[in-house]
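Please read the structure below before turning to the comments.
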Amino acid sequence: MKTKQVLGIDISKQKFDVALLKDTKLKHKKFPNNRKGFTALFEWLVHHDAASAHVCMEATGIYSEALSVFLHDQRMTISIVNPARIKGFAQSELLRSKTDKVDAGLIARFCAAMNPQQWHPQPMQIRQLRDLARRLEALNQMHQQESNRLEGASEMITSHLQHHLTFLVQEIKQLKAQIQQHIDQHPDLKQRKRLLQSIPGIGEATINVILSEFGNITQFRNAKALAAFIGVAPKIRQSGTSLRPRATMSKMGRSSLRKAFFMPALVALRYNPLIIELKKRLTAAGKSKMAIVGAAMRKLVHIIYGVLKNKLPFDENFA
Numbered sequence: 171m172k173t174k175q176v177l178g179i180d181i182s183k184q185k186f187d188v189a190l191l192k193d194t195k196l197k198h199k200k201f202p203n204n205r206k207g208f209t210a211l212f213e214w215l216v217h218h219d220a221a222s223a224h225v226c227m228e229a230t231g232i233y234s235e236a237l238s239v240f241l242h243d244q245r246m247t248i249s250i251v252n253p254a255r256i257k258g259f260a261q262s263e264l265l266r267s268k269t270d271k272v273d274a275g276l277i278a279r280f281c282a283a284m285n286p287q288q289w290h291p292q293p294m295q296i297r298q299l300r301d302l303a304r305r306l307e308a309l310n311q312m313h314q315q316e317s318n319r320l321e322g323a324s325e326m327i328t329s330h331l332q333h334h335l336t337f338l339v340q341e342i343k344q345l346k347a348q349i350q351q352h353i354d355q356h357p358d359l360k361q362r363k364r365l366l367q368s369i370p371g372i373g374e375a376t377i378n379v380i381l382s383e384f385g386n387i388t389q390f391r392n393a394k395a396l397a398a399f400i401g402v403a404p405k406i407r408q409s410g411t412s413l414r415p416r417a418t419m420s421k422m423g424r425s426s427l428r429k430a431f432f433m434p435a436l437v438a439l440r441y442n443p444l445i446i447e448l449k450k451r452l453t454a455a456g457k458s459k460m461a462i463v464g465a466a467m468r469k470l471v472h473i474i475y476g477v478l479k480n481k482l483p484f485d486e487n488f489a
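Numbering (our numbering), first residue to last: 171 to 489.
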């Protein structure tokens with residue numbers, strides 16, 4: 171019987187290191203993180219009779235996305251894993267050294283031992299929307315940075331900054347229109363946006379993040395899984411001497427997703443009836459302001475999950 175082959179990939183901006191685990195032996199190789207490197211990797215796998223290997227890599231956002239889609243197009247099985255799981259596996263192996271070569275081998279062993287869930291790329295319209303939404307976020311950040319510089323700028327560069335700000339405002343306006351047009355062209359996105367608009371506290375920017383980053387909500391088995399993906403699930407901390415465990419936010423997901431829910435949570439604490447009621451209960455229980463904000467973020471995630479899964483507008487009587 172043919173032994174299962176697994177490929178661990180440790181990826182960075184410029185390159186990626188791979189470790190092919192075959193018959194308990196590891197083969198290592200480095201490739202540039204570009205289309206030429208992707209093709210070279212697949213040819214290397216074919217040469218080693220490993221084109222059907224189970225590929226496993228950490229979730230590193232834009233660094234791993236292009237390679238993941240390429241390998242999926244070659245009909246390979248791909249798993250993209252939360253780095254915290256790899257870290258936990260390393261601790262179980264009492265592994266202390268930190269090099270790319272070690273990491274690729276570690277990821278391969280994790281894949282062989284844990285057989286993580288298979289990953290599938292989002293549909294093209296979701297990936298296109300995500301590119302637009304991330305570009306809009308980058309332009310908004312750029313606009314904020316230039317605005318901050320304007321406050322203490324000398325007369326010599328004020329006009330340059332103002333000119334750039336005017337340009338950015340126009341670009342942001344055009345990009346927002348392009349995002350809206352893209353959503354309108356796809357009925358499923360248009361329907362989901364309409365549902366999300368029914369939730370008090372959820373605005374345009376957050377809707378763009380939800381539609382572009384989450385894809386089909388049914389890929390998450392429940393609201394708790396979605397909360398864990400974002401990194402707003404509670405984590406219990408208890409010291410050896412403390413009799414009262416303390417719940418904190420896990421922060422194991424992507425920080426950019428958590429950031430997208432912070433301001434909506436503050437708005438929801440004022441205008442969303444379910445979250446206002448939650449605030450009253452937690453305040454009466456003596457919870458801190460930030461603990462209440464964290465709870466509001468989690469509650470919003472649960473509401474979003476319910477609205478999108480059931481395809482029904484928000485209703486405080488049924489949430």
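Note that CB positions come from ideal geometry on N, CA and C, so glycine has one too. Bear in mind the structure is a predicted one, so any value in this text is a computation, not a measurement.
Beta-ladder partner(s) of residue i, from DSSP
i: K197; result: L190
i: T247; result: H224
i: G178; result: A189 and C226
i: P202; result: K185
Per-residue burial, residue i [other beta carbons within 10 Å of its own, 16 or more giving buried]
i: T209; result: exposed
i: T411; result: Reliability of the predicted coordinates at T411 is poor, the pLDDT of 45 falling under 50, and the value obtained from them is presented with this limitation in mind. Counting Cβ neighbours within 10 Å, T411 comes out exposed, since fewer than 16 surround it.
i: F337; result: exposed
i: A195; result: For the record, residue 195 in the displayed sequence is Lys; it is not Ala. With fewer than 16 other Cβ atoms within 10 Å, it is exposed.
i: P357; result: exposed
i: V216; result: exposed
i: L436; result: exposed
i: R451; result: exposed
i: Y441; result: exposed
i: T388; result: exposed
i: R245; result: exposed
i: K459; result: exposed
i: R364; result: exposed
i: L482; result: exposed
i: N378; result: buried
i: G258; result: exposed
i: D243; result: exposed
i: R407; result: Here R407 scores only 48 on pLDDT, less than 50, and its place in the model should not be relied on; the value that follows carries that caveat. The residue in question, R407, is exposed, as its Cβ has fewer than 16 Cβ neighbours within 10 Å.
i: A395; result: exposed
i: I249; result: According to the sequence as given, residue 249 is Ser; it is not Ile. S249 is buried by the Cβ-count criterion.
Inter-residue Cα distance where the pair is residue i and residue j
i: K174; j: F399; result: 29 Å
i: V239; j: Q288; result: 13 Å
i: G385; j: R205; result: 25 Å
i: A278; j: K192; result: 10 Å
i: L439; j: M326; result: 44 Å
i: S234; j: S182; result: 8 Å
i: M433; j: A220; result: 47 Å
i: F455; j: A466; result: Rather than Phe, the amino acid found at residue 455 in this sequence is Ala. Looking at the two C-alpha atoms, the distance is approximately 15 Å.
i: K346; j: D485; result: 28 Å
i: D273; j: C281; result: 12 Å
i: L211; j: E383; result: 28 Å
i: A375; j: P293; result: 21 Å
i: R255; j: P286; result: 10 Å
i: V225; j: T247; result: 6 Å
i: I353; j: I446; result: 31 Å
i: G322; j: T328; result: 9 Å
i: A236; j: L359; result: 23 Å
Nonlocal neighbours in the same chain, by C-beta distance under 6 Å from residue i, ignoring five residues either side
i: L276; result: A260
i: I179; result: F186, V188 and M227
i: I462; result: K449 and L452
i: L320; result: L331
i: P202; result: K185
i: Q295; result: H356
Proximal residues to residue i (C-beta, below 8 Å), its chain only, five neighbours per side dropped
i: E316; result: L331, H334, L335 and L338
i: A397; result: A403, R468, V471 and H472
i: Q340; result: none
i: Q361; result: K481
i: L309; result: L338, E341, I342 and L345
CA nearest to the CA of residue i, picked from the options
i: F390; options: E213, H290, R364 and F431; result: H290
i: L444; options: R319, I369, V225 and D243; result: I369
i: A283; options: S262, E374 and F212; result: S262
i: I232; options: K360, F484, R300 and I342; result: R300
i: G401; options: L427, T376 and L309; result: L427
i: Q348; options: L381, N318, E383 and A303; result: A303
i: I372; options: I353, F431 and I342; result: F431
i: S222; options: Q367, L177 and I256; result: L177
i: T230; options: N480, H218, N252 and F212; result: N252
i: I380; options: I474, Q314 and K197; result: I474
Min CB distance residue i to chain C below 9 Å
i: L276; result: This model lacks chain C altogether; it includes just one protein chain.
Own chain partners of residue i with C-beta closer than 7 Å, once the 5 adjacent residues on each side are dropped
i: K199; result: V188 and W214
Check: residue i C-beta below 8 Å from any heavy atom of the ligand MN
i: R245; result: Judged by which ligands are present, the structure shown has none, so any question about the ligand MN falls away.
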